[in-house]
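For what it's worth, my numbering labels the leading residue of the sequence shown as 33, then goes sequentially.
Shown next, in structure tokens, is the structure this report addresses.
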Amino acid sequence: MDTIEDFFEDLERKRKQAEYNRDADELEAYLAAIKNAMGTFDDGVFHFETSHQQYADEWTGQAKLAYESIHAEIRSVAFQIDDVKDELYQELRGEIARLRHLADTFA
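Following this line, the structure appears as structure tokens:
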């Protein structure tokens with residue numbers, strides 16, 4: 033009788049371990065997708081700043097004032113996005129570590 037109970041307990045333990053590992057794998061894939069998207073965003077910010085440095089001095093008057101205002105707003109938003117990105121990465125890594133630890137408790 034113990035053998036059958038042990039078998040089912042072992043099966044349940046393996047199921048839980050696989051479930052936690054699956055959840056961690058899904059979060060790792062999500063994190064990779066976010067990193068990819070953020071890489072694209074960072075490339076866009078880099079090109080925007082490069083263009084700004086190259087052409088901003090040529091603007092004058094009202095157009096320059098309007099452009100500088102927009103440029104400052106874009107930079108501010110980019111910094112805010114970087115802060116949120118760092119916080120999101122930290123939270124995801126923490127949750128992945130927690131799930132891996134839970135999976136290890138069923139090993």
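Even for Gly, the Cβ is constructed at its ideal location relative to N, Cα and C.
For residue i, the first and last residue of its enclosing alpha helix (DSSP H)
{"i": "D136", "result": "93–137"}
{"i": "A64", "result": "34–87"}
Anticipated Cβ contact below 8 Å, residue i with residue j, distance rounded
{"i": "I106", "j": "F80", "result": "7 Å"}
{"i": "R45", "j": "F138", "result": "5 Å"}
{"i": "F73", "j": "I113", "result": "7 Å"}
Beta-carbon proximity check, residue i vs residue j, cutoff 8 Å
{"i": "Y99", "j": "A110", "result": "no"}
{"i": "L120", "j": "I36", "result": "no"}
Report task. Give a yes or no on contact between the region 117–134 and the region 38–56, applying the rule of three or more CB pairs nearer than 8 Å. Result -> yes
Query raised in the report: Okay, do the region 113–125 and the region 54–67 touch, 3+ Cβ pairs below 8 Å being the bar?
Result: yes
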